[in-house]
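Structure first, commentary second.
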Amino acid sequence: MHKQPARSTSLDRLQRPALLVALAGLVLAALGAWVDLRQFWRSYLLAYLFWLEIGLGCLALVMLHHLAGGRWSARIRRIMETGALTLLPMALLFLPLLLGLAALYPWADPGWMQHDEIVQQKAAYLNVPFFIARAVVYFAVWATLAWLLHRWSLAQDRGDPAATARMRRLSAAGMILYMLTATFAGYDWLMSLEPEWFSSAY
Numbered sequence: 571m572h573k574q575p576a577r578s579t580s581l582d583r584l585q586r587p588a589l590l591v592a593l594a595g596l597v598l599a600a601l602g603a604w605v606d607l608r609q610f611w612r613s614y615l616l617a618y619l620f621w622l623e624i625g626l627g628c629l630a631l632v633m634l635h636h637l638a639g640g641r642w643s644a645r646i647r648r649i650m651e652t653g654a655l656t657l658l659p660m661a662l663l664f665l666p667l668l669l670g671l672a673a674l675y676p677w678a679d680p681g682w683m684q685h686d687e688i689v690q691q692k693a694a695y696l697n698v699p700f701f702i703a704r705a706v707v708y709f710a711v712w713a714t715l716a717w718l719l720h721r722w723s724l725a726q727d728r729g730d731p732a733a734t735a736r737m738r739r740l741s742a743a744g745m746i747l748y749m750l751t752a753t754f755a756g757y758d759w760l761m762s763l764e765p766e767w768f769s770s771a772y
């Protein structure tokens, strides 16, 4: 029978101040939305992408570890696996952005779209239903990869001899899916902020 690890007293002491900071942040965010709603959504998107990229970076490093091997990455693998799991709550935190699509993306405003012939040619791609569908695919891929790699890593700890090979095979296919989804997410969430601008080097 395993003993449950004792809770860290230092973490206990941080919980109350962290909750107060979170509540203060919510109040300030609400105030910011009241003062300038459009700027609020821009700030939310920027902050959201900052934290999302940390989780995506952790996921990429976990897959790189399984593909390349080496002792250097074994020391940080657990941290990276845990960091990749933040992609699950980040999927929920994406939902508020759907309320601010028209404030963020000109193409999401039907009235604006009617008066821009250039963007009308991109309407098959830049439309709200397809935008949401693509986001669902992105998060489904990322969350599935993070969850399976974490689950099989725990199985490896329990002595499952097949877990290592499963993680390596998943990482091989997962890295390709990761590059594709991360690239198109960049197109969708950042590049389309200026729908009339395009670049082959983006």
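Residue numbers for the sequence shown follow this note's numbering, so the first one is 571 and each next one is one higher.
Even glycine gets a Cβ: it sits at the ideal position worked out from N, Cα and C.
The structure displayed is predicted, hence computed values, not measured ones.
Quick check on this structure: which residue in Arg728, Leu593, Pro699, Pro659 has the alpha carbon closest to the alpha carbon of Ile624? Pro659
Is it right to say Ser722 is buried, meaning 16 or more other beta carbons lie within 10 angstroms of its own, or is it exposed? The residue you asked about is not Ser; residue 722 is Trp in the sequence shown. With 16 or more other Cβ atoms within 10 Å, it is buried.
Going by Cα to Cα distance, which pick from Leu696, Ala725, Ala716 is closest to Leu657? Ala716
Which residues in the same chain have their Cβ closer than 7 Å to the Cβ of Ala673, if we skip the five residues on either side of it in sequence? Leu607, Arg608, Trp611
Are the region 743-763 and the region 625-633 touching, with three or more C-beta to C-beta distances below 8 Å? yes
Same chain, Cβ closer than 6 Å to Arg647, five either side skipped, listed in chain order: His635
Under three-state DSSP, which class holds Asp582? helix
Quick one: measure Cβ to Cβ for Ala618 and Leu667, integer angstroms, because I've assumed they're closer than 8 Å. In the sequence as displayed, the identity of residue 618 is Tyr instead of Ala. Their Cβ separation, rounded to whole angstroms, is 7 Å, which keeps Tyr618 and Leu667 in contact under 8 Å.
DSSP on Gln574, reduced to helix/strand/coil? At Gln574 the pLDDT is 48, less than 50, meaning the model places this residue with poor confidence and gives no usable figure here.
Whole-angstrom Cβ separation of Ala752 and Leu626, contact assumed at under 8 Å? 6 Å
Which same chain residues, not among the five before or five after Phe781, have their C-beta less than 6 Å away from its C-beta? Outside the modelled stretch of the chain, which goes from 571 to 772, sits residue 781, for which no answer is possible.
Uninterrupted alpha helix (DSSP H) stretches inside the region 720-772 (no shorter than 4 residues): 733-759
Which residues mark the beginning and the end of the alpha helix (DSSP H) in which Arg608 is found? 607-638
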